[in-house]
Amino acid sequence: MNCKIGVISGDGIGPEIVAEARKVLDCIAEKYGHELKYEEIQMGGCSIDAVGVPLTDEAISKAKASDAVLMGSIGGNTATSPWYRLEPHLRPEAGLLKLRKSLNLFANLRPAYLYEELKEACPLREDIIGDGFDMMILRELTGGLYFGERKTEEIDGVLTAVDTLTYNEQEVRRIAKRGFEIAMKRRKKVTSVDKANVLDSSRLWRKVVEEVAKEYPGVSYEHMLVDNCAMQLVKDPKQFDVILTENMFGDILSDEASMVTGSIGMLSSASLNDTKFGLYEPSGGSAPDIAGKGIANPIATILSAAMMLRYSFDLDREADAIEAAVRQVLKDKYRTIDIMPQEENKKSSVTLVGTKEMGDLIVERIKNYEK
413 MNCKIGVISG DGIGPEIVAE ARKVLDCIAE KYGHELKYEE IQMGGCSIDA
463 VGVPLTDEAI SKAKASDAVL MGSIGGNTAT SPWYRLEPHL RPEAGLLKLR
513 KSLNLFANLR PAYLYEELKE ACPLREDIIG DGFDMMILRE LTGGLYFGER
563 KTEEIDGVLT AVDTLTYNEQ EVRRIAKRGF EIAMKRRKKV TSVDKANVLD
613 SSRLWRKVVE EVAKEYPGVS YEHMLVDNCA MQLVKDPKQF DVILTENMFG
663 DILSDEASMV TGSIGMLSSA SLNDTKFGLY EPSGGSAPDI AGKGIANPIA
713 TILSAAMMLR YSFDLDREAD AIEAAVRQVL KDKYRTIDIM PQEENKKSSV
763 TLVGTKEMGD LIVERIKNYE K
């Protein structure tokens with residue numbers, strides 16, 4: 413297969429972790445006889461430094477011309493970076509929001525899975541963890557509060573800020589359908605998360621989800637208020653299969669779920685439109701405090717590349733090879749600093765490695781993978 417992949421290395425640790433994902437993809441291409449072509453796309457703080465804006469029309473065109481886009485991370489330290497002294501529409505994250513909207517990436521998939529080998533990194537008690545958990549958080553990505561009208565103005569001498577949360581029934585219906593379709597391939601349970609006791613947008617959300625649920629009689633579903641869901645994620649995470657929710661709630665809950673797994677550096681994500689096209693990125697941020705130190709965990713980006721192979725290119729065998737290689741490296745007791753055991757007496761049982769070493773170890777196991 414010939415695949416054209418747009419690559420946004422971005423800021424902070426982005427270039428380091430993307431380099432390891434490309435190393436893994438190149439190994440897959442060689443092993444299974446594919447041809448991968450990469451198109452560099454500039455976005456985020458590096459784009460601001462180069463051309464004064466976080467995302468250009470040329471960058472959007474390059475992304476649209478790609479079969480899929482692999483992204484590292486964007487942004488910097490919000491307290492110290494000059495990027496955050498700019499107007500909001502010129503900051504790094506504005507570029508990402510614009511790209512999502514331009515590519516119609518309405519469905520964000522964030523799996524949260526607890527590896528057996530990383531149970532010691534999970535902050536929850538062992539009796540809560542049990543046999544582990546495996547959930548998919550499906551977040552609506554192009555509507556809601558992040559894309560509504562906003563303004564800050566002085567009213568009667570008082571500065572007042574307004575952000576508008578808007579959803580229409582078509583937006584809710586398409587993400588709900590995607591959620592139930594994903595559940596059909598998993599354990600056939602959907603937890604729809606809203607704030608219907610307060611918000612009109614959530615009451616519409618709940619109404620449409622109930623309508624969509626009738627089309628999937630084989631899937632059980634429940635409604636859960638977002639505050640309760642936040643509590644349940646740390647009380648009993650294994651109860652969840654597919655969590656379906658709107659943009660801001662999904663942003664918060666997916667980060668909470670990531671830390672329950674032990675490290676956000678382990679979690680991949682995919683943002684999909686109505687076609688096979690997707691943007692694939694790690695769930696974590698740019699971590700500017702460790703950029704350039706060679707200690708960032710590349711696994712989330714590597715697993716995002718596996719999701720790209722699976723969802724955009726239908727290369728399930730190749731995606732399986734990457735995921736199996738990651739599991740084997742963990743079984744072989746290699747760890748980056750973020751997933752090292754917290755107890756001193758356990759640290760001697762594992763080997764600490766850096767970003768490049770982790771990528772090399774995964775590549776080595778892909779080469780030896782047989783199925």
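For the sequence shown, position 88 matches number 500 in our numbering, and the numbering has no gaps at all. Yeah, the Cβ is synthetic: ideal placement off N, Cα and C, and Gly gets one too.
DSSP places Leu-511 in the uninterrupted alpha helix (DSSP H) bounded by 504-514. Under the three-state reduction of DSSP, Ser-473 is assigned to helix. Restricted to the segment 520-556, the alpha helix (DSSP H) segments that are unbroken, complete and at least 4 residues in length are 538-541, listed in chain order.
Looking at the DSSP output, Ile-655 shares a beta bridge with Ile-549 and Thr-603. Within the model, the alpha-carbon separation for Lys-510 versus Pro-504 is close to 10 Å. Here Ala-491 is exposed. Its C-beta has fewer than 16 other C-beta atoms within 10 Å.
Nearest Cα to Ile-587 within the set Glu-432, Ile-549 and Ser-761: Ile-549. Note on the segment 664-692: whole beta strand (DSSP E) runs with a minimum of 3 residues are 680-684, in chain order.
For Asp-575, the enclosing beta strand (DSSP E) starts and ends at 570-575. For Glu-428, the secondary structure class from DSSP, reduced to helix, strand or coil, is helix. The residue from Gly-544, Lys-563 and Thr-578 with its alpha-carbon nearest to that of Glu-529 is Gly-544. Looking only at Pro-466, Asp-461, Gly-445 and Lys-600, the smallest Cα-Cα distance to Met-455 is reached by Pro-466. With three or more CB-CB distances shorter than 8 Å, the segment 765-776 counts as touching the segment 729-747.
Counted as a single uninterrupted DSSP element, the beta strand (DSSP E) harbouring Tyr-450 occupies residues 447-452. Within the same chain, and ignoring the five residues on either side of Gly-766 in sequence, the residues whose Cβ sits closer than 6 Å to its Cβ are Gly-706 and Ile-707. Boundaries of the beta strand (DSSP E) harbouring Gly-484: 480-485, taken from the DSSP string.
Put simply, the backbone Cα of Lys-443 is about 24 Å away from that of Pro-694. Considered as a whole, the segment 698-750 harbours 711-723 and 728-743 as its complete alpha helix (DSSP H) runs of no fewer than 4 residues, in chain order.
Per DSSP, Cys-439 has no beta bridge partner at all.
With fewer than 16 other CB atoms across the displayed protein chains lying within 10 angstroms of its CB, Ala-477 is exposed. Boundaries for Asn-780: no alpha helix (DSSP H) harbours it, and the DSSP string shows neither H nor E there.
A contact is defined here as three or more CB-CB pairs under 8 Å, and the segment 661-668 meets this definition with respect to the segment 639-651. Apart from sequence neighbours up to five positions away, the residues of its chain that approach Arg-585 with a beta-carbon distance below 8 Å are Val-620, Glu-623 and Val-624, ordered along the chain.
Counting only residues of its own chain and dropping the five nearest sequence neighbours on each side, Ala-608 has a CB closer than 8 Å to the CB of Ser-614, Arg-615, Trp-617, Arg-618, His-635 and Leu-637. In the three-state DSSP reduction, Leu-616 falls in the helix class (H, G or I). For Asp-575 against Gly-560, the beta-carbon gap comes to about 6 Å, under 8 Å, which counts as contact. Among the bridge pairs identified by DSSP, Tyr-628 is matched with none. A direct Cα-Cα distance of roughly 30 Å separates Arg-522 from Pro-494. The DSSP-derived three-state label of Thr-564 is strand. Note on geometry: alpha-carbon atoms of Gly-426 and Ser-485 lie some 5 Å from one another. Annotated as proximal: Leu-656 and Thr-603, with beta-carbon spacing under 8 Å. When the five nearest sequence neighbours on each side are left out, the beta carbons in the same chain lying within less than 6 Å of the beta carbon of Arg-590 are those of Ala-519, in order along the chain. Here Thr-763 is bridged, per DSSP, to Tyr-746. Leu-637 carries a strand assignment under DSSP once its states are collapsed to helix, strand and coil.
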